[in-house]
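And the structure:
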């Protein structure tokens, strides 16, 4: 038996339950997962039409709701916007005080309300009707005021809330958020939205770093330490020192022919200054391509115990150099 202190008017009152917190958590998860299963098995017939409407809109997808539904609306708008569908969240209360100007005739409005009767939604519903702005309702009650005013309805399952008293939005908000995720992913697929597109909307943080390509951070042009096979080792050492990467790329006929590293210098120490770069270089060096993900290049450097990778194009021409510090500075760990 679990005992806990209550908060409120009587802080000394004991709360007693025959269930442990873990038992309650499992029951909540079971209730919500059952509702999601129900929604999957009975996906609203209007789903395809809603997805096509959002895909074809010339403006933005405006998502709104009141209370907990409003928090869900903000998350859905953010997910849509980050996955290729221009979207924004509008608070219905603020909409009634000027923010209706954010909603244009080029837009589509998604309104989330479990019972479809929130008074705070009246102005934004009326705005959509007045200017013939397409409106999609996510609600449990298609016969509600919201449901009857909407052009399309995504009906939520008639499932109990997981709170146990049937009042706190739990199952209903989970289902609404999952429906938003389903729409966002469907639109991603329809748009052909790929990793490269995702990077464009996530340039910062871990997500952006994981999707960066070698070409985004590599050194090129005059920064590259380049010598020919006939370059003397004296001049080669000057080039390595000047460029500061600890290597020199040996290029012949515009193609990478080898690389000289500190290890090559040590192995040829006895008669180093009497030799030429081509005689000291290691042929067929480890390379990467410009469109390789930076995280993959870092993995190669770690596995091969290298600090530098030379970057070559499809024809074998040297086009860049990436140092392990470049990857770390970009946030790839």
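In the numbering used here, the protein residues as written are 1070 to 1402. Virtual Cβ for every residue (Gly too), placed ideally from N, Cα, C.
- request: Could you tell me the boundaries of the alpha helix (DSSP H) in which residue 1140 lies?
  value: On the chain shown, position 71 is the one that residue 1140 refers to. In this chain, the alpha helix (DSSP H) harbouring residue 1140 covers 1137 to 1151.
- request: Please state whether DSSP places residue 1369 in a helix, a strand or coil.
  value: Taking the first residue of the chain shown as position 1, residue 1369 is located at position 300. Looking at residue 1369 - three-state DSSP - the assignment turns out to be helix.
- request: Note down, in chain order, each residue of its chain lying with its Cβ closer than 8 angstroms to the Cβ of residue 1391, except the 5 sequence neighbours on either side.
  value: Translated into the one-based positions of the chain shown, residue 1391 becomes position 322. Cβ within range, chain order: 1283, 1286, 1287, 1288, 1357, 1363, 1366, 1377, 1378 and 1380.
query: Got a sec? Which residues, its chain only, sit under 7 angstroms from residue 1321 by beta carbon, not counting five neighbours each side?
result: Along the chain shown, read from residue 1 onward, the residue named residue 1321 stands at position 252. Hits under 7 angstroms: 1297 and 1298.
contact_flag[the segment 1138 to 1145, the segment 1098 to 1108] where n(CB pairs < 8 angstroms) is 3 or more: no
message: Using the three-state DSSP reduction, which class does residue 1100 fall into: helix, strand or coil?
response: Position 31 of the chain shown, counting from 1, holds the residue named residue 1100. In this structure, DSSP gives residue 1100 a helical state, which the three-state scheme calls helix.
- request: List the endpoints of the continuous beta strand (DSSP E) containing residue 1244.
  value: To locate residue 1244, count along the chain shown from 1; it is residue 175. Counting along the chain, residue 1244 sits inside no beta strand (DSSP E); it lies in the alpha helix (DSSP H) bounded by residues 1240 to 1260.
task: Name the residue from 1124, 1167 and 1168 whose alpha carbon lies nearest to the alpha carbon of residue 1155.
output: If you number the chain shown from 1, residue 1155 lands on position 86. The shortest Cα separation from residue 1155 among 1124, 1167 and 1168 belongs to 1124.
task: Might you give, ordered along the chain, the residues of its own chain that have their beta carbon closer than 8 angstroms to the beta carbon of residue 1314, omitting 5 neighbours on each side?
output: Against the chain shown, residue 1314 aligns to sequence position 245. Contacts found: 1288, 1294, 1377, 1390 and 1392.
query: Is it right to say residue 1110 is buried, meaning 16 or more other beta carbons lie within 10 angstroms of its own, or is it exposed?
result: Residue mapping note: residue 1110 aligns to position 41 of the chain shown, counting from 1. Exposed is the call here.
message: If you reduce the DSSP assignment to three classes, tell me which class residue 1134 lands in.
response: For the purposes of this step, residue 1134 is taken as residue 65 along the chain shown, with counting starting at 1. The answer is strand: DSSP assigns residue 1134 an E or B state.
message: DSSP has residue 1301 in a bridge; who is on the other side?
response: Against the chain shown, residue 1301 aligns to sequence position 232. DSSP, once it has assigned bridges, lists 1345 as partnering residue 1301.
task: Can you give me the Cβ contacts of residue 1401 inside the same chain, cut-off strictly under 6 angstroms, excluding the 5 residues immediately before and after it?
output: Counting from one through the chain shown, the residue named residue 1401 turns up at place 332. Only 1278, 1363, 1364 and 1367 meet the Cβ criterion.
query: Does the distance from the C-beta atom of residue 1243 to that of residue 1230 stay below 7 angstroms?
result: Position 174 of the chain shown, counted from the start, is the residue given in the question as residue 1243. Position 161 of the chain shown, counted from the start, is the residue given in the question as residue 1230. Against a cut-off of 7 angstroms, the Cβ pair of residue 1230 and residue 1243 comes out as no contact.
message: Using 8 angstroms for Cβ pairs, my map puts residue 1338 next to residue 1303. What's the rounded Cβ distance?
response: By one-based count along the chain shown, residue 1338 stands at place 269. By one-based count along the chain shown, residue 1303 stands at place 234. Their Cβ separation, rounded to whole angstroms, is 14 angstroms, which puts residue 1338 and residue 1303 out of contact at 8 angstroms.
message: Taking contact to mean 3 or more Cβ pairs, one atom from each stretch, closer than 8 angstroms, check whether the segment 1157 to 1166 and the segment 1104 to 1122 are in contact.
response: no
- request: Would you mind reading off the limits of the beta strand (DSSP E) that contains residue 1197?
  value: Here residue 1197 refers to the residue found at position 128 when the chain shown is read from its first residue. Premise fails: residue 1197 lies in the alpha helix (DSSP H), 1191 to 1199, not in any beta strand (DSSP E).
Own chain residues within Cβ distance below 6 angstroms of residue 1331, not counting five before or after: Translated into the one-based positions of the chain shown, residue 1331 becomes position 262. Cβ neighbours of residue 1331 beyond the five flanking positions: 1315.
query: Counting along the chain, where does the beta strand (DSSP E) carrying residue 1394 start and finish?
result: Taking the first residue of the chain shown as position 1, residue 1394 is located at position 325. Not the beta strand (DSSP E): residue 1394 falls in the alpha helix (DSSP H), residues 1393 to 1398.
task: Give the range of the beta strand (DSSP E) segment to which residue 1223 is assigned.
output: Against the chain shown, residue 1223 aligns to sequence position 154. From DSSP, the beta strand (DSSP E) with residue 1223 extends over 1221 to 1224.
query: Under a Cβ-count criterion, where at least 16 other Cβ atoms within 10 Å of its own Cβ denotes burial, should residue 1073 be classed as buried or exposed?
result: Counting from one through the chain shown, the residue named residue 1073 turns up at place 4. In this predicted model, residue 1073 has a pLDDT of only 49, less than 50, meaning its place in the structure is not dependable; the value taken from the coordinates is given anyway. Within a 10 Å sphere around the beta-carbon of residue 1073 sit fewer than 16 other beta-carbons, which makes this residue exposed.
field: 7 angstroms CB neighbourhood of residue 1115 in its chain, flanking five on each side removed
entry: Working through the chain shown from its first residue, we reach residue 1115 at position 46. So the list reads 1221, 1222 and 1223, once near-sequence residues are dropped.
field: Per-residue DSSP class, three states only, for residue 1125
entry: Taking the chain shown and counting its residues from 1, the one referred to as residue 1125 is at position 56. Three-state DSSP puts residue 1125 in a helix.
- request: Compute the distance between the beta-carbons of residue 1207 and residue 1248, then report whether it is under 7 angstroms.
  value: What you label residue 1207 is simply residue 138 of the chain shown in a count that begins at 1. What you label residue 1248 is simply residue 179 of the chain shown in a count that begins at 1. Result yes, Cβ atoms of residue 1207 and residue 1248 sit closer than 7 angstroms.
query: Would you call residue 1354 buried or exposed, if buried means 16 or more other Cβ atoms sit within 10 Å of its Cβ?
result: Working through the chain shown from its first residue, we reach residue 1354 at position 285. It is buried - the Cβ of residue 1354 has at least 16 other Cβ atoms within 10 Å.
message: So, under 8 angstroms CB-CB, residue 1352 and residue 1385 are touching, yes? Tell me the CB distance rounded to an integer number of Å.
response: The residue given as residue 1352 occupies position 283 in the chain shown. The residue given as residue 1385 occupies position 316 in the chain shown. Contact doesn't hold; Cβ gap of about 12 angstroms is too wide.
- request: For residue 1215, count neighbouring Cβ atoms within 10 angstroms of its own Cβ and tell me buried if that reaches 16, exposed if not.
  value: Mapped onto the chain shown, residue 1215 falls at position 146. By the 10 Å Cβ count, residue 1215 comes out buried.
Proximity of residue 1152 and residue 1245 at Cβ, strictly below 7 angstroms: As a first step, residue 1152 is located in the chain shown; it is residue number 83 there, counting from the start. As a first step, residue 1245 is located in the chain shown; it is residue number 176 there, counting from the start. Not a contact, by the Cβ cut-off of 7 angstroms.
query: With burial defined as no fewer than 16 other Cβ atoms inside 10 Å of the residue's Cβ, what is the status of residue 1129: buried or exposed?
result: Within the chain shown, residue 1129 is the residue found at index 60, counting from 1. Residue 1129 is buried by the Cβ-count criterion.
query: By the 10 Å Cβ neighbour count, where 16 or more other Cβ atoms means buried, how is residue 1187 classified, buried or exposed?
result: As a working note, residue 1187 is residue 118 in the chain shown. Residue 1187 should be labelled buried.
Straight-line gap, residue 1177 to residue 1108 (C-alpha atoms, nearest Å): The residue given as residue 1177 occupies position 108 in the chain shown. The residue given as residue 1108 occupies position 39 in the chain shown. Using only the alpha carbons, I get a separation of about 23 angstroms.
task: Would you kindly report the start and end of the unbroken alpha helix (DSSP H) that includes residue 1334?
output: Reading the chain shown from its first residue, position 265 is the one you call residue 1334. Taken as a continuous stretch (DSSP letters only), the alpha helix (DSSP H) holding residue 1334 covers 1331 to 1336.
query: Looking at residue 1323 and residue 1349, is the spacing between their C-beta atoms short of 7 angstroms?
result: Taking the chain shown and counting its residues from 1, one reaches residue 1349 at position 280. Taking the chain shown and counting its residues from 1, one reaches residue 1323 at position 254. No, they are not a contact pair.
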